[in-house]
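Have a look at the structure below before the remarks.
Numbering (the numbering used here), first residue to last: 20 to 123.
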C-alpha cells in the first residue's frame, strides 16, 4: 500500500507542477507524456520502452531525487505493475518511496 501512495504522489507532482528549471528537458516531457498515454491506453510493451527512455533522460539531465526522475520511475513502475511484472515494479516503487522519505 505504501508503494502505491508513493507512486500516486509522483503522478500528482508531475500533474500539478511545471517542470523545474534544470529538469529533464523538452524531450523528457514529450517522452513522459507519451509513456503516460501508452499506459492509459493499455499499450504496455510500447510504454515500457518509452518510459525507460524518459527515465534515462531524467537521470542524465537532473539530480537523482529530482521530480522528473520520480515521475519517470512512477510511470515505469505502474506499467510493470499493470503487466503483472511485480518483481520489476517493486524496486522502482521502493526507490520512489526512498526519495519521498528523504525529501519529507
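In this text, a Cβ means the ideal position worked out from N, Cα and C, and glycines have one as well.
Sequence-distant residues of the same chain with beta carbon closer than 7 Å to residue i, five excluded per side
i, result
"residue 84", "118, 121, 122"
Residue environment, residue i, which counts as buried when at least 16 other CB atoms sit within 10 Å
i, result
"residue 64", "exposed"
"residue 110", "exposed"
"residue 54", "buried"
Proximity winner among the options, relative to residue i (alpha-carbon distances)
i, options, result
"residue 56", "44, 87, 94", "94"
"residue 72", "46, 86, 103", "46"
Close-in-space but distant-in-sequence residues of the same chain around residue i (CB under 6 Å, 5 per side omitted)
i, result
"residue 67", "98"
"residue 114", "92"
Short Cβ contact (8 Å threshold) for residue i with residue j
i, j, result
"residue 91", "residue 70", "yes"
"residue 101", "residue 58", "yes"
"residue 76", "residue 50", "yes"
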